[in-house]
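So the sequence shown is numbered by the UniProt record's numbering: it starts at 322 and just counts up by one.
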Amino acid sequence: NKGKYDHYMQKEIHEQPESLTTTMRGRLIRGGSCKAKTVLLGGLKDHIKTIRRSRRIVFIGCGTSYNAALAARPIIEELSGVPVTMEIASDLVDRQGPIYREDTAVFVSQSGETADTLLALEYALENGALCVGITNTVGSAIARNTHCGIHINAGCEIGVASTKAYTSQIVVMAMLALAIGDDAISSQARREAIIDGLFDLPNKVREALKLDQEMKDLAKLLIAEQSLLVFGRGYNFATALEGALKVKEVSLMHSEGILAGEMKHGPLALVDENLPIIVIATRDACFSKQQSVIQQLHARKGRLIVMCSKGDAASVCPGESCRVIEVPQVEDCLQPVVNIIPLQLLAYHLTVLRGHNVDQPRNLAKSVTTQ
Ligand code: F6R
Numbered sequence: 322n323k324g325k326y327d328h329y330m331q332k333e334i335h336e337q338p339e340s341l342t343t344t345m346r347g348r349l350i351r352g353g354s355c356k357a358k359t360v361l362l363g364g365l366k367d368h369i370k371t372i373r374r375s376r377r378i379v380f381i382g383c384g385t386s387y388n389a390a391l392a393a394r395p396i397i398e399e400l401s402g403v404p405v406t407m408e409i410a411s412d413l414v415d416r417q418g419p420i421y422r423e424d425t426a427v428f429v430s431q432s433g434e435t436a437d438t439l440l441a442l443e444y445a446l447e448n449g450a451l452c453v454g455i456t457n458t459v460g461s462a463i464a465r466n467t468h469c470g471i472h473i474n475a476g477c478e479i480g481v482a483s484t485k486a487y488t489s490q491i492v493v494m495a496m497l498a499l500a501i502g503d504d505a506i507s508s509q510a511r512r513e514a515i516i517d518g519l520f521d522l523p524n525k526v527r528e529a530l531k532l533d534q535e536m537k538d539l540a541k542l543l544i545a546e547q548s549l550l551v552f553g554r555g556y557n558f559a560t561a562l563e564g565a566l567k568v569k570e571v572s573l574m575h576s577e578g579i580l581a582g583e584m585k586h587g588p589l590a591l592v593d594e595n596l597p598i599i600v601i602a603t604r605d606a607c608f609s610k611q612q613s614v615i616q617q618l619h620a621r622k623g624r625l626i627v628m629c630s631k632g633d634a635a636s637v638c639p640g641e642s643c644r645v646i647e648v649p650q651v652e653d654c655l656q657p658v659v660n661i662i663p664l665q666l667l668a669y670h671l672t673v674l675r676g677h678n679v680d681q682p683r684n685l686a687k688s689v690t691t692q
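This is the structure:
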């Protein structure tokens with residue numbers, strides 16, 4: 322039931338404040354004045370110590386689920402101190418890449434039925450790794466065949482393009498980082514700030530959803546373009562990949578997410594006054610580097626659309642021709658959850674304006690159960 326919405330994708334984008342609340346329900350504990358704030362992930366409780374002691378954490382997934390893991394990677398590394406590597410499921414199987422008994426392999430899949438991810442799971446099980454599932458589907462093959470796991474509880478996702486599952490996956494993995502990170506005094510303030518940030522995240526997402534009309538106006542400007550680049554780095558490299566994936570899969574416009582640190586190693590050659598480029602430059606440790614990327618793109622007459630934190634428009638915009646998307650600021654590791662919202666809205670409006678099928682993009686299926 323689409324309710325008051327025209328499409329499932331639109332409904333699922335707008336229900337993210339609620340789906341995120343459901344994802345966190347009962348899992349975040351904000352103790353009294355002397356009690357610490359903590360995270361409870363029931364499905365993992367017998368395995369947390371093993372995960373904490375593992376030699377490496379390997380995230381495995383496809384498409385949007387892979388991107389969600391990429392967004393969570395830095396905070397898992399920071400809080401756990403365990404090296405994290407990323408694997409696209411099909412590529413791990415193609416290479417028969419090394420997976421060891423001392424590894425924790427985390428399988429991220431909305432449907433829990435993706436053939437490539439399942440094959441990678443079989444492979445990791447054969448190699449003796451501890452296998453953890455993060456899925457949205459209770460009773461799915463990945464939920465059944467992993468040693469333990471976490472359900473994201475985002476509610477049924479019908480639109481082929483994944484939206485609310487993406488943000489819930491990131492939140493679950495941020496909670497995973499808090500659960501496996503040690504409770505060192507040195508990181509206590511950071512951990513508490515993240516927990517407070519999680520509590521407030523649905524409100525911040527609600528605020529970001531108010532960009533709807535602005536994103537529709539931007540979509541009108543971009544409707545006839547051939548291509549759209551999205552530059553991000555750090556926590557928001559994943560946002561760049563995921564924003565571009567949304568745009569290409571539903572609006573059928575070519576779009577590419579680019580790691581901004583790689584700009585000078587090739588992509589800069591594409592920059593001219595016609596190609597639209599979104600640069601994600603919200604406040605975090607990479608902010609000044611992104612400011613310099615903006616300056617360099619501007620010097621080459623790039624057609625810039627800058628996503629920045631609220632109040633930063635004047636300081637990030639190099640010239641009058643630059644458009645801005647201002648988003649509410651949250652704890653840096655949670656910023657990808659907010660930043661993807663305007664890009665989901667942009668992909669949605671571009672698709673409707675270009676006259677394509679929003680919920681069933683050409684050639685795609687919701688659950689890819691064949692290789
Ligand atoms: C993109 C999209 C796909 C899926 C991918 C993995 O919007 O939906 O990229 O994310 O096919 O699917 P799951 O998460 O079900 O394993």
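All C-beta atoms, glycine included, are put in the ideal place defined by N, C-alpha and C.
Considering only L550, K622, D605, the residue with the shortest C-alpha distance to A668 is L550. Looking only at D415, Q337, H677, the smallest Cα-Cα distance to C477 is reached by Q337. At least one heavy atom of the ligand F6R is found less than 7 Å from the C-beta of T435. Closest option to E408, judged by alpha-carbon separation, among P523, G402, E423, R377: R377. The DSSP-derived three-state label of D680 is coil. Distances taken from the Cβ of V453 to the heavy atoms of the ligand F6R include none shorter than 7 Å. In this structure, the CA atom of I471 is about 12 Å from the CA atom of A495. Among the bridge pairs identified by DSSP, V645 is matched with V627. Contact check for R554 against K610 passes: the beta carbons are separated by less than 8 Å. Distance between P395 and S340, taken at the CA atoms: about 23 Å. Looking at the DSSP output, R377 sits in a beta bridge with D424. Fewer than three pairs of CB atoms, one per stretch, sit closer than 8 Å, so the region 382–398 makes no contact with the region 533–542. Non-local C-beta neighbours of R621 in its own chain, meaning closer than 6 Å and more than five positions away in sequence, comprise V592, ordered along the chain. R351: member of the beta strand (DSSP E) spanning 349–351, first to last residue. Not one heavy atom of the ligand F6R is found less than 7 Å from the C-beta of C477. A Cβ-Cβ contact shorter than 8 Å links V600 with L618. Between T344 and I473, the CB-CB gap stays under 8 Å.
With a threshold of 16 other beta carbon atoms within 10 Å, V459 falls short and is exposed.
Using a C-beta cut-off of 8 Å, the region 662–676 makes contact with the region 571–580, since at least three inter-stretch Cβ pairs fall below that distance. In the structure shown, T672 adopts helical secondary structure according to DSSP, grouped into three states. Three or more beta-carbon pairs separated by less than 8 Å link the region 406–421 to the region 435–445, which places the two stretches in contact.
Under the three-state reduction of DSSP output, H472 falls in the strand class.
By the Cβ-count criterion, A686 is exposed, with fewer than 16 other Cβ atoms from all chains shown falling within 10 Å of its own Cβ.
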